[in-house]
Amino acid sequence: MNEAAPAPKENMGAPLPRVDARLKVTGQAPYPADFAAANVAYGVLATSTIARGSIRALHLDRARAVPGVLDIISAGDVGSIDKPKFGNTGASSIGPLHDTKIFHDGQIIALVVADTFEAAEEAAMLIRADYAEETPSASFDSKGAETEAAAGKSPMFKEDVKAGDFDAAFEAAAVKIDQKYSTPTQHHNPIELFSTTAMWQGDQLTVHEPCQNVTGWKVELARQLKIDPANVRIISSYVGGAFGSKGPMTARTAIVALAARRVGRPVRCVVSRMQSFGTQTYRAETRHRIRMGADRNGKISAFGHEGWEVTSRPDPYVVGGTSATGRMYDYGSVLTHVSIVHADRNTPGYMRSPPETPYVYALENAMDEMAVALGMDPVEFRRVNEPKKEPIGGRPFSSRSLLKCYDQAAEAFGWSRRDAAVGSMRDGDWLVGMGCATAIYPSSVAPCAARIRLTDDGQVRVQCGSHEIGTGVRTVAAQMAAERLAVDIDKVSVEMGDSALPPAPVSGGSISTASVCSAVLKAADAVRAKLFAAAVAEGGPLSGSGNEKLDMQDGKVVAAGGKSAAIADVFKSMQVGAIEEYAEFAPKGSTGQALKKLYAGQPEFHGGEEDKDSVKYAFGAEFVEVRINSYTREIRVPRIVGAFAAGRIMNTRTARSQLMGGMIWGISHALHEATEIDQRHARYVNRDLQDYLVPVNADIKKVDVILVPEVDMEVNPAGVKGLGELGNVGTAAAIASAVYHATGKRIRDLPIRIENLLV
Numbered sequence: 000m001n002e003a004a005p006a007p008k009e010n011m012g013a014p015l016p017r018v019d020a021r022l023k024v025t026g027q028a029p030y031p032a033d034f035a036a037a038n039v040a041y042g043v044l045a046t047s048t049i050a051r052g053s054i055r056a057l058h059l060d061r062a063r064a065v066p067g068v069l070d071i072i073s074a075g076d077v078g079s080i081d082k083p084k085f086g087n088t089g090a091s092s093i094g095p096l097h098d099t100k101i102f103h104d105g106q107i108i109a110l111v112v113a114d115t116f117e118a119a120e121e122a123a124m125l126i127r128a129d130y131a132e133e134t135p136s137a138s139f140d141s142k143g144a145e146t147e148a149a150a151g152k153s154p155m156f157k158e159d160v161k162a163g164d165f166d167a168a169f170e171a172a173a174v175k176i177d178q179k180y181s182t183p184t185q186h187h188n189p190i191e192l193f194s195t196t197a198m199w200q201g202d203q204l205t206v207h208e209p210c211q212n213v214t215g216w217k218v219e220l221a222r223q224l225k226i227d228p229a230n231v232r233i234i235s236s237y238v239g240g241a242f243g244s245k246g247p248m249t250a251r252t253a254i255v256a257l258a259a260r261r262v263g264r265p266v267r268c269v270v271s272r273m274q275s276f277g278t279q280t281y282r283a284e285t286r287h288r289i290r291m292g293a294d295r296n297g298k299i300s301a302f303g304h305e306g307w308e309v310t311s312r313p314d315p316y317v318v319g320g321t322s323a324t325g326r327m328y329d330y331g332s333v334l335t336h337v338s339i340v341h342a343d344r345n346t347p348g349y350m351r352s353p354p355e356t357p358y359v360y361a362l363e364n365a366m367d368e369m370a371v372a373l374g375m376d377p378v379e380f381r382r383v384n385e386p387k388k389e390p391i392g393g394r395p396f397s398s399r400s401l402l403k404c405y406d407q408a409a410e411a412f413g414w415s416r417r418d419a420a421v422g423s424m425r426d427g428d429w430l431v432g433m434g435c436a437t438a439i440y441p442s443s444v445a446p447c448a449a450r451i452r453l454t455d456d457g458q459v460r461v462q463c464g465s466h467e468i469g470t471g472v473r474t475v476a477a478q479m480a481a482e483r484l485a486v487d488i489d490k491v492s493v494e495m496g497d498s499a500l501p502p503a504p505v506s507g508g509s510i511s512t513a514s515v516c517s518a519v520l521k522a523a524d525a526v527r528a529k530l531f532a533a534a535v536a537e538g539g540p541l542s543g544s545g546n547e548k549l550d551m552q553d554g555k556v557v558a559a560g561g562k563s564a565a566i567a568d569v570f571k572s573m574q575v576g577a578i579e580e581y582a583e584f585a586p587k588g589s590t591g592q593a594l595k596k597l598y599a600g601q602p603e604f605h606g607g608e609e610d611k612d613s614v615k616y617a618f619g620a621e622f623v624e625v626r627i628n629s630y631t632r633e634i635r636v637p638r639i640v641g642a643f644a645a646g647r648i649m650n651t652r653t654a655r656s657q658l659m660g661g662m663i664w665g666i667s668h669a670l671h672e673a674t675e676i677d678q679r680h681a682r683y684v685n686r687d688l689q690d691y692l693v694p695v696n697a698d699i700k701k702v703d704v705i706l707v708p709e710v711d712m713e714v715n716p717a718g719v720k721g722l723g724e725l726g727n728v729g730t731a732a733a734i735a736s737a738v739y740h741a742t743g744k745r746i747r748d749l750p751i752r753i754e755n756l757l758v
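For the sequence shown, position 759 (counting from the first letter as 1) is numbered 758 according to numbering that gives the first Met the number 0, and the numbering increases by one without interruption.
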């Protein structure tokens, strides 16, 4: 892969190395399960082997007899804690040990605690359950699965967007398509396993767990344990892979905390990779029907998108990507509808660009099919349907650089050399196909707080309860502070991942850089204001400079007239050694309750399609070349080019890494990943990395990322649009289109495998 970081461009920050890079590559970064708790006991889960029914009896005698076993917590032992809640903070409403009912395969039925991990594991394997088993519903077509409209069932999805008279427009269209698409269940498999380490000191509970929402978890865990949130601390300094999997808290956390209180020792529970398939969230499987009508010049007049999603029996988890697909192009008329299908499965959850990845896959596939039906170039077809305003409410886009992305990506990719005829491009035994697709992600921001301390020797400490999940937010927060306070980034330290720090929103929805940088900007400006006031005050080093504009440069306070003073001299005049400021950022248009909700662990998102004045999105264009062996039908992706516009780029190195990782994940989404489900028993089959396929280095060749300059100060004070989830949105559709171009086979159901191309 091309590893060189791009040079800074207009409105783009320097490609500085990560401030925590050395800690990570030397193994010194403290991940939650690495915490050295004194006298720690070990917890191992026992999980169900059926997907629906109840436990008649749980046989624990053999497990209790294992030397070193301290306790076993099972149904009936957790009455002192409340059941979890489903929502943005809680993964599911299923309280696995609150009764004997089994809702899904792999549900927790017991937690064994022992002096050693080996003893706990042996005991957990000896637990046997007698079940009253019922026939489960595994998926869409299973008997007993229940379907209902998604709108209004969950705060995640408010309405089915629509505009104009779709039925009349579709009926009158000269060219039409009506096709179905699907995406499979996919599971998170982060390198860092899921874990919980809980320890009590009197009434004070500290939990070390990989987490994307320390503030929210603190409040939710306190509710479940019926204690004051002030007595709970969640620490997650570094996270080894997340992207939604460590966003909502699972039932395990409270169970482990209860176990630690019962045995009077810290308890650490590391979930096996196999067990994580049933105890954590995953990407819901989806089905789609898209109807599209256009005139013979390629102008779309009707767009209809219906979606169906599998969720658990009790929880109304909704993906709901029609909010984005319904606003992508200038459709003329729009009709959408989303349904959720309740089956006997664990509750799905967020996975990198949760709504957009499956829903945009269907839309962009349909766009390519319509371009073929019209005999148009796919890029030109999108250009013809570029909107001046979003089609649902007629609001302007705060910025929309999609066509710039297509222009730059197409040129870098060599799209003009593409022969449009299906199967016309070859290289020896290899069929060559080229495809493209749009990427889109809402640009949101949430309330956030930060504390900054500047000392007289120019050292800066930034504190914020956000999370370093691998995106580089520590680095961009340091860059923002260094920029505003005119110090070298080496003088900035950043503390994150602790609920004792100023609260931050969940690290999800691509809001972290925008939210954290906006709060850091506000705190830094408060420090600047105090420093400036002291500099020009009587007795200050710039006294007498008047009210002329002040700035900071190279560790100095500089007046417009040319006078300057070292920071140390300003501090000396103040007779203090440090300035510390705490700032709260609330997005423009937020309610008076926004900051209260932040401290309550339920921060409001603002932006995307929610704002009244404009619609805010980041955009990208992705171009893919595939090669398919004409004999074996082996599929290869030798190169992929993506151009992305996401407002101000705080650090071109970390941004490029995120976008590259997103496109690689998109390749995985298209060609590799699928959780196989036993339809008879509603059980996951490939629960390990031997059978759950993901790309390896040999699968990924050349990945080129283009950062398109864009200025958009409507999105937030920092001008930042999130991009962590943008890169993988269009990739799978571009690959599907390229496969069609090479072979003439339109594969609408992911993943695309060799067997799809043999028939």
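Even glycine gets a Cβ: it sits at the ideal position worked out from N, Cα and C.
Since the model is a prediction, treat every value here as computed from it, not as a measurement.
Per DSSP, the unbroken beta strand (DSSP E) holding Ala-617 starts and ends at 616-628. Only residues of its own chain outside the window of five on either side were considered, and among them Ala-409 have a CB closer than 8 Å to the CB of Ser-415, listed in chain order. Taken in chain order, the complete alpha helix (DSSP H) segments of 4 residues or longer contained in the segment 98-134 are 116-125. About 5 Å separates the Cβ atoms of Ala-113 and Val-68, confirming a contact at the 8 Å cut-off.
Selection His-671, Val-704 and Asp-698 evaluated against Met-659 yields Val-704 as nearest (Cα-Cα). Rounded to whole angstroms, Trp-216 and Gln-462 show a C-alpha spacing of 18 Å. Using a Cβ distance threshold of 8 Å, Met-291 and Lys-175 count as a contacting pair.
The continuous stretches of beta strand (DSSP E) do not include Ile-510, and DSSP gives it neither H nor E. Within the model, the alpha-carbon separation for Asp-129 versus Arg-264 is close to 31 Å. Taking a C-beta distance under 8 Å as the contact criterion, Val-111 and Ile-54 do not qualify as a contact pair. In terms of Cβ geometry, Val-206 and Thr-214 do not form a close pair [threshold 8 Å]. One thing to note: Ser-572 has its Cβ within 8 Å of the Cβ of Pro-540.
Every alpha helix (DSSP H) of 4 residues or more that sits fully in the segment 295-355 is shown, in chain order, as 321-324. When DSSP states are grouped into helix, strand and coil, Ala-40 belongs to the strand group. Restricting attention to Met-551, Ser-563 and Val-738, the CA atom closest to the CA of Val-636 is found in Val-738.
DSSP places Asp-70 in the strand class (E or B) of the three-state scheme. Looking at the DSSP output, Arg-450 sits in a beta bridge with Gln-462 and Tyr-581. Within its own chain, the residues whose Cβ lies closer than 7 Å to the Cβ of Ser-667, once the five positions on either side in sequence are excluded, are Val-693 and Pro-694, listed in chain order.
Taking a C-beta distance under 8 Å as the contact criterion, Pro-315 and Ser-153 qualify as a contact pair.
Residues of the same chain with a CB within less than 7 Å of the CB of Thr-324, apart from the 5 flanking positions on each side, are His-304, Tyr-358, Val-359 and Leu-362 in chain order. The residue among Asp-524, Asp-487, Ile-451 and Ala-513 with its C-alpha nearest the C-alpha of Glu-494 is Ile-451. Secondary structure note for Glu-379: its alpha helix (DSSP H) is the uninterrupted segment 377-383. Three or more pairs of CB atoms, one per stretch, sit closer than 8 Å, so the segment 380-398 contacts the segment 610-629. Under the three-state reduction of DSSP, Ala-13 is assigned to coil, being neither helix nor strand. Remark: C-beta atoms of His-287 and Tyr-180 approach each other more closely than 8 Å. Within its own chain, the residues whose Cβ lies closer than 6 Å to the Cβ of Ala-45, once the five positions on either side in sequence are excluded, are Ile-108, Ala-109, Ala-123 and Ile-126, listed in chain order. Contact check for Gly-163 against Val-383 fails: the beta carbons are separated by 8 Å or more. The segment 492-509 makes contact with the segment 463-483, as at least three CB pairs between them are under 8 Å. Taking a C-beta distance under 8 Å as the contact criterion, Cys-435 and Pro-386 do not qualify as a contact pair.
The beta carbon of Thr-356 sits closer than 7 Å to the beta carbons of His-668, Asn-727 and Val-728 from its chain, once the five residues preceding and following it are set aside; these are given in chain order.
Scanning Val-340, Phe-139, Ala-733 and Gly-600 for the CA closest to the CA of Asn-212 turns up Gly-600. Counting along the chain, the unbroken alpha helix (DSSP H) around Glu-754 starts and ends at 753-757.
Beta-carbon to beta-carbon, Arg-272 and Met-350 are separated by about 16 Å, too far to satisfy the 8 Å threshold. For Gly-660, the enclosing alpha helix (DSSP H) begins and ends at 651-670. When secondary structure is reduced to three states using DSSP, Ile-226 falls in the coil class, being assigned neither helix nor strand. Per DSSP, Val-262 has no beta-bridge partner at all.
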